[in-house]
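Here is the structure we will look at.
2 protein chains.
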Amino acid sequence: MNSKSWLTALSEHGYRLTEARRAVVAIIHSSQRALTPLEVYDSARLAYPELGLVSVYRTLEKLEELNLIQRVHQPAGCQAFISSAEGHKHLLLCKRCGQVTFFEGDDLEPLIKSISRRTNYAISEHWLQLFGLCENCQKSGS
Amino acid sequence: MNSKSWLTALSEHGYRLTEARRAVVAIIHSSQRALTPLEVYDSARLAYPELGLVSVYRTLEKLEELNLIQRVHQPAGCQAFISSAEGHKHLLLCKRCGQVTFFEGDDLEPLIKSISRRTNYAISEHWLQLFGLCENCQKSGS
DNA sequence: TTCCTATTGAAAATCTTTTTCAATTATAAA
DNA sequence: TTTATAATTGAAAAAGATTTTCAATAGGAA
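Here the protein sequences come in this chain order: A and B. So in the working numbering, the last spot in the first sequence is 142, and the numbers never skip. So in the working numbering, the last spot in the second sequence is 284, and the numbers never skip.
Right under this line is the structure:
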């Protein structure tokens, strides 16, 4: 999924393709780690200085609505966004550099069924997130 | 773990036992669902009207520091707190009434080891949270 | 009971996010 | 192309949430 297809998706949902949106899409689409609205704003303004922070919020809102990005929850805060993976994937976050890696977690079904039986809950969603150090950060010491 | 032991814990860590703290502890300790600072404030003021919102924030901060409460992350927001379970437990949340149930998730180890092998991450923490409908809310229709 | 200092609540400050609004601009239609 | 129009913009204001400041108060050790 390249950055152009995000623009196409926006367009197909009746949203106009503006400079502000292109700038925001370019930044968040190419990031390997989750970015806050302010970080997107600061990075995107390097290429498009007229950009307003409000447009960043509004564009992130639309990208999230189209499932192109998703919010990342971390101990330090829950305002950051990253490109969504296709299909149902879970997140693995590097505690040092913030890099986000997706992984499949299908093996969860038996656990969920067992919890469901034990608690009598009808379970419809799950969040699984792992934290650790990526290969690079392990190498480069603490 | 009763509410008195939270007060003891606060006291043992050098914090004074004040009316404001007692009021906050009483409310959050007895809640079955996660409460935001504002919800704690509103509930606690019924018993102790002089309470200030600032003291709610400050008390929640200390309770979290002592691991007596923990922040609950939800699609709707991440500002709410619930009593912590003892030992390593995961959360199961009712999407309708908000009730929080803890469960053990030890069966996760094999999955985590496999992801670790596949991604070369050194995984040190995990978050697992399930969402669904509790028994009561299933009964009482949508 | 006294004294010291942690704690308090009110107000102000700070941050983040949302709303308002007049000007601009993307896009469909002519 | 040009035109018309409605979506979008950025700035400013508003709204919310959280933190800081500060003088007054009250917990608890002596």
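No residue lacks a Cβ here, since even glycine has one placed at the ideal position from N, Cα and C.
Return the bridge partner residues of residue i from the DSSP annotation.
i	result
Gln122 (chain A)	First, the amino acid is wrong: residue 122 (chain A) is Ala here, not Gln. Paired residue(s): B:Leu275.
Arg71 (chain A)	A:Phe81
Arg175 (chain B)	B:Gln241
Trp6 (chain A)	Answer by DSSP bridge pairing: none, since Trp6 (chain A) is not bridged.
His232 (chain B)	B:Phe245
Leu270 (chain B)	A:Leu128
Do you know offhand how far residue i's Cα is from residue j's?
i	j	result
Asp249 (chain B)	Leu68 (chain A)	32 Å
Lys139 (chain A)	Lys95 (chain A)	14 Å
Ser185 (chain B)	Gly77 (chain A)	26 Å
Thr160 (chain B)	Thr178 (chain B)	21 Å
Leu53 (chain A)	Trp127 (chain A)	30 Å
Ala9 (chain A)	Leu66 (chain A)	8 Å
Gln174 (chain B)	Phe103 (chain A)	33 Å
Ile115 (chain A)	Glu61 (chain A)	34 Å
Leu205 (chain B)	Val214 (chain B)	14 Å
Ser83 (chain A)	Gln70 (chain A)	6 Å
With distances taken Cα to Cα, identify the nearest neighbour of residue i among the options.
i	options	result
Ala26 (chain A)	A:Glu12, A:Gly14, A:Leu46 and A:Tyr15	A:Leu46
Gly240 (chain B)	B:Ala227, B:Leu272, B:Ala264 and B:Thr261	B:Leu272
Ser266 (chain B)	A:Glu12, A:Ala20, A:Ile115 and A:Leu93	A:Leu93
Ala34 (chain A)	A:Thr101, A:Ser114, A:Pro110 and A:Gly105	A:Thr101
His88 (chain A)	A:Pro75, A:Tyr121 and A:Glu109	A:Glu109
Let me know if residue i comes out buried or exposed under the rule of 16 or more other beta-carbons within 10 Å of its beta-carbon.
i	result
Tyr199 (chain B)	exposed
Arg158 (chain B)	exposed
Ser30 (chain A)	exposed
Arg117 (chain A)	exposed
Leu275 (chain B)	buried
Thr59 (chain A)	buried
Leu51 (chain A)	buried
Please name the residues in the stretch 249–272 of chain B whose beta-carbon is closer than 9 Å to at least one beta-carbon of chain A, in chain order. Answer in chain order: Asp249, Leu250, Pro252, Leu253, Ile254, Ser256, Ile257, Ser258, Arg260, Thr261, Asn262, Tyr263, Ala264, Ile265, Ser266, Glu267, His268, Trp269, Leu270, Gln271 and Leu272.
At a CB distance below 7 Å, what residues from the stretch 216–229 of chain B approach chain A? Give them in sequence order. For the stretch 216–229 of chain B, the beta-carbon criterion of a distance under 7 Å to any beta-carbon of chain A is satisfied by Cys220.
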